[in-house]
Amino acid sequence: MPIKAKLFITCLGEQFFPSVLKGMVRLLERLGVECEFPETQTCCGQPFYNSGLQSEGRHLARRWLRTFGAGDPTAYIVAPSGSCVDFVKHHYAELFPEDSRERALAQDLAARTYEFSQFVVNVLQVTDVGARFPHKVAYHAPCHARRGLGVRDEPKQLLRAVHGLELVPLEDEEVCCGFGGIFSVIYPEVSKAMMEAKVKNVQASGAEFVVIGEPGCLMNVAGGLHKVGSPVRAVHLIEILASDGGAR
Amino acid sequence: MISRIDFRANTQRVPPNIPVATQKNAKTALVHREEVVEPLGEVYWESLRQAAHDLRLHAITHLDTYLPMLEEKVTKAGGVVHWASDAADARRIVQEIATARGVRRIVKVKSMATEEIELNHALQDAGLRVVESDLGEFIVQLAGEKPSHIIAPALHMTKEDIAALFREKLRVDAPPDPQVLTGIARTRLREEFLSADMGISGGNFLIAETGTLVILTNEGNGRMCTTLPPVHTALVGIDKVIPDWQSLSVLLKVLARSATGQKMTCYVSFITGIAEEGPREFHLVLLDNGRTRILQDERARETLLCIRCGACLNICPVYNHVGGHAYGATYPGPIGAILSPQLLGTQIAGDLPFASSLCGACAEICPVKIPIPEILLHLRHRVVEGDEIERAVASPMVRAAGALGAFAFGVPRMFTLGARVLKVVQAPFRRDGWLPVLPPPANRWTMVRPFPAFRADFRAWWKEHYLNREGAKNAKKEK
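Sequence lines, in order, name chains A and B.
Using my numbering, the first residue of the first sequence is number 57, and each one after it goes up by one.
Using my numbering, the first residue of the second sequence is number 12, and each one after it goes up by one.
What follows is the structure in structure tokens.
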């Protein structure tokens, strides 16, 4: 029996990074995973919950549970985002009363939901996905993946196994880029200062690419780099892993 | 009574030198911390944090046991215990102690609790001379400012700023040399210590089993204030009580390391009532000022575990870019963002739970493992939807917009239709795959960096991909 994975594409992934999603499908299939796409998915509810709108967050969580609770109960759920996975894993259950059917389902699904790099390295036990990317690359550690899910070395293991890739250190790699969801629009001046500090470090790293495996942080830092006309490009981890070296 | 804290307005008028000094000083503190935490090893450090968390949680959830025990022991040792339910109560008690003893001159040990109740103003208004004796507090008092950090009050200032301040206010020749500046302050303070009628301190811990007040300092000023004047008054939050000396040994291990990057502070003073030498009177004012209300909220009560080390401020990227004053309240940084809304109410401090990117660095460094991001989320909910503690203070517009958004996000057809519409509407504004300008309120994003163009096409791609895949499978089967 092949390993099955339901694709949790996330709302930001769907709107802004469809190439990352296609890369994720190709990569998983190359690694022998049978992908499913639950079509009724929209948003996990985190943007609402984090804005203080818990009722709305709960409403969307309930929808998500229905969507991903249907079908094969043994399938994994895999997302190109640590933040959305962290929300499902660590906040869904408490949104519903103890002993409720929804809480039980939330706990069950949480245990099978994975951020992409952790799924590949820890579940599939693969680090070399056969990619080629002859460039200097720096790695930014997204906060929720790192502190919420404990993603530490997995993305770097995957990057180190990419042929031709040189991983260069990034000063303050674990410091927040200033995205923070609604934080970035409630307090744009502070978000800007944090983003600019990140962009400065990225530029000082000497990298041609900075890897950010998180859609929210990616749109923030990529936008910041674009604004200053930097030649450095921000890319999702999956874009590098799906690369064969010449296709970019 | 302070007015509503407008965090955004505050962040818009941060003088450019403040983030520079804050980042430099906070980074130094973090480097020193790492030098004394790292050698302990992660496993031991984590077990110390857990122990510190557990015993603090035990203490604050058993105040009914430990506070009476403390009162009994302090009284037995010759001290006097006073109970202050709020700030006004506490100010009145301290003022009465001063008046009854003809006190004119007061020297103070650094204390956030006295900042919280704005004690200095009250005493000065009553005609008393009050001088801060911690170097950082001395500087901040001279500047007429408030502390910007809970253990390093003048963290936002450089040595050049301080030299200029001394030249202006003290009319002395002050070079930007920390040793010389400290010397100037020391000379001034010596006179104050020797002529003071009362010393006022806060307290880092109160040990219930022996009735002992614990004060950690590095400059020796704490001992001057608590031994030279004939009267010593300590104002301490009721949350500072711990059961016993064993608990203290754990907390001392994590506190100095997290705060100043020391294994132990230069002075650790233990004061149990009165002794043959030293002050003739010892008064302990136990301050509630909202703490018991916080305790009733199970989801936020861990706020009270705080031992005021300041590590969460040092590591916080938001704090580092805005400085402590932007938080507009006594306690800045991540701990302030959860403590201030609970002490002052969300009417006043409702902005602060949102003054965080939820990066979680604070919770990771906290020596007593306060789940700061979780409490921030809890308080955001209080602000927007209201809870059993307070009614919602956010505009009903926020809720209406949220409900509308959640409705649209909750119907897949509307969600995908919306994406298609946005792709069409954006076309004239699109430049190199980016949207440089968006209308309000989304312009708050584009004033900082462009917004990525809407480009959803995965669903269509998947349909085709899926059909091809199934087609290939069926072809295989037929063979």
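Think of the CB as a built atom: it goes at the ideal place given N, C-alpha and C, for glycine as much as any other residue.
CB contact below 8 angstroms: residue i versus chain A
{"i": "PRO79/B", "result": "no"}
{"i": "PRO186/B", "result": "no"}
{"i": "MET458/B", "result": "yes"}
{"i": "GLY371/B", "result": "yes"}
{"i": "VAL395/B", "result": "yes"}
{"i": "LEU478/B", "result": "no"}
{"i": "PHE426/B", "result": "yes"}
{"i": "GLN23/B", "result": "yes"}
{"i": "ASP172/B", "result": "no"}
{"i": "LYS112/B", "result": "The sequence given here has Arg at residue 112/B, not Lys. So no, ARG112/B is outside the interface."}
{"i": "TRP472/B", "result": "yes"}
{"i": "ARG402/B", "result": "no"}
{"i": "HIS392/B", "result": "yes"}
{"i": "ALA430/B", "result": "yes"}
{"i": "TRP56/B", "result": "no"}
{"i": "LEU388/B", "result": "yes"}
{"i": "GLU468/B", "result": "Rather than Glu, the amino acid found at residue 468/B in this sequence is Asp. With 8 angstroms as the cut-off, ASP468/B counts as an interface residue toward chain A."}
{"i": "PHE440/B", "result": "no"}
{"i": "ALA311/B", "result": "no"}
Residue range of the beta strand (DSSP E) that includes residue i
{"i": "GLY248/B", "result": "242-248"}
{"i": "MET209/B", "result": "209-212"}
{"i": "PHE216/B", "result": "216-218"}
{"i": "HIS93/B", "result": "91-95"}
{"i": "ARG312/B", "result": "It is not in any beta strand (DSSP E) - ARG312/B carries neither H nor E in the DSSP assignment."}
{"i": "ARG289/A", "result": "289-291"}
{"i": "LYS60/A", "result": "60-63"}
{"i": "ALA135/A", "result": "132-135"}
is_contact[residue i, chain B] using C-beta, thresh 8 angstroms
{"i": "THR96/A", "result": "yes"}
{"i": "VAL81/A", "result": "yes"}
{"i": "LEU109/A", "result": "yes"}
{"i": "ILE65/A", "result": "yes"}
{"i": "ALA303/A", "result": "For ALA303/A, the predicted structure reports a pLDDT of 40, less than 50, and the residue's modelled location is therefore unreliable. A value from the coordinates is still provided. No, its Cβ sits nowhere closer than 8 angstroms to a Cβ of chain B."}
{"i": "GLN71/A", "result": "yes"}
{"i": "ALA249/A", "result": "yes"}
{"i": "GLY204/A", "result": "yes"}
Environment of residue i [buried if 16+ CB atoms lie within 10 Å]
{"i": "MET458/B", "result": "exposed"}
{"i": "CYS317/B", "result": "buried"}
{"i": "THR130/A", "result": "exposed"}
{"i": "ALA270/B", "result": "buried"}
{"i": "GLN152/B", "result": "buried"}
{"i": "ALA167/A", "result": "exposed"}
{"i": "ASN106/A", "result": "buried"}
{"i": "GLY302/A", "result": "For GLY302/A, the predicted structure reports a pLDDT of 48, less than 50, and the residue's modelled location is therefore unreliable. The matter cannot be settled from this model."}
{"i": "ASP402/B", "result": "Note that residue 402/B is Arg in the sequence shown here, rather than Asp. It is exposed - the Cβ of ARG402/B has fewer than 16 other Cβ atoms within 10 Å."}
{"i": "PHE418/B", "result": "exposed"}
{"i": "MET57/A", "result": "exposed"}
{"i": "GLU230/B", "result": "buried"}
{"i": "ARG304/A", "result": "Its pLDDT being 37, under 50, ARG304/A is placed unreliably by the model, and nothing is read from it."}
{"i": "SER14/B", "result": "exposed"}
{"i": "ARG302/B", "result": "buried"}
{"i": "PRO26/B", "result": "exposed"}
Listed by chain order, chain E residues near residue i by CB distance under 8 angstroms
{"i": "GLY421/B", "result": "Chain labels in this structure do not include chain E; the protein chains are A and B."}
Residue i: first and last residue of the uninterrupted alpha helix (DSSP H) it sits in
{"i": "PRO73/A", "result": "According to the sequence as given, residue 73/A is Phe; it is not Pro. It is not in any alpha helix (DSSP H) - PHE73/A carries neither H nor E in the DSSP assignment."}
{"i": "ALA166/A", "result": "157-167"}
{"i": "THR125/B", "result": "123-127"}
{"i": "HIS160/B", "result": "HIS160/B -> no alpha helix (DSSP H), and no H or E assigned at all."}
{"i": "ILE318/B", "result": "Run containing ILE318/B: none; DSSP gives neither H nor E here."}
Near-chain B residues of the region 232-247 of chain A (beta-carbon distance less than 8 angstroms), N- to C-terminal order | For the region 232-247 of chain A, the set of positions with a beta-carbon nearer than 8 angstroms to some beta-carbon of chain B reads CYS232, GLY234, PHE235, GLY236, GLY237, ILE238, PHE239, SER240, VAL241, ILE242, TYR243, PRO244, GLU245, VAL246, SER247 in chain order.
Report yes or no: do the region 106-116 of chain B and the region 130-146 of chain B share at least 3 C-beta pairs separated by less than 8 angstroms?
-> Output reads yes: the region 130-146 of chain B touches the region 106-116 of chain B.
Quick check: the region 258-268 of chain A against the region 278-296 of chain A, are there 3 or more CB pairs under 8 angstroms?
-> Yes, the region 258-268 of chain A touches the region 278-296 of chain A.
Should the region 119-135 of chain B be regarded as contacting the region 86-103 of chain B, the criterion being three or more beta carbon pairs within less than 8 angstroms?
-> The answer is yes - the region 86-103 of chain B touches the region 119-135 of chain B, with three or more Cβ pairs under 8 angstroms.
Could you run through the region 319-333 of chain B and flag, in chain order, every residue whose CB is less than 7 angstroms away from some CB of chain A?
-> PRO328, VAL329, HIS332, VAL333
Touching or not, the region 325-339 of chain B and the region 361-369 of chain B, by the rule of three or more beta carbon pairs under 8 angstroms?
-> yes
Taking three-plus beta-carbon pairs below 8 angstroms as touching, is the region 183-202 of chain A in contact with the region 221-229 of chain A?
-> Taking 8 angstroms as the limit for Cβ pairs, the verdict is that the region 221-229 of chain A does touch the region 183-202 of chain A.
Using Cβ-Cβ distances below 8 angstroms, what residues of the region 262-293 of chain A are close to chain B?
-> MET275, ASN276, ALA278, GLY279, GLY280, HIS282, LYS283
Is the region 68-84 of chain B in contact with the region 248-261 of chain B, if contact means three or more CB pairs nearer than 8 angstroms?
-> yes
Can you list, in chain order, the residues of the region 354-382 of chain B whose Cβ is nearer than 9 angstroms to any Cβ on chain A?
-> For the region 354-382 of chain B, which is checked against every Cβ of chain A, the residues closer than 9 angstroms are ASP362, PRO364, PHE365, ALA366, SER367, SER368, LEU369, CYS370, GLY371, ALA372, ALA374, GLU375.
Members of the region 157-179 of chain A near chain B, C-beta cut-off 9 angstroms = Within the region 157-179 of chain A, no residue has a Cβ that lies closer than 9 angstroms to any Cβ of chain B.
Three or more C-beta pairs below 8 angstroms linking the region 270-283 of chain A and the region 77-91 of chain A | Because the criterion of three Cβ pairs below 8 angstroms is not met, the region 270-283 of chain A and the region 77-91 of chain A do not touch.
Could you tell me whether the region 447-465 of chain B touches the region 242-250 of chain A, where touching means 3 or more Cβ pairs closer than 8 angstroms?
-> For the pair of segments examined, the region 447-465 of chain B was found to touch the region 242-250 of chain A: the number of CB pairs separated by less than 8 angstroms reaches three.
Taking contact to mean at least 3 C-beta pairs separated by less than 8 angstroms, is the region 335-354 of chain B in contact with the region 375-385 of chain B?
-> Contact between the region 335-354 of chain B and the region 375-385 of chain B is present, with at least three C-beta pairs closer than 8 angstroms.
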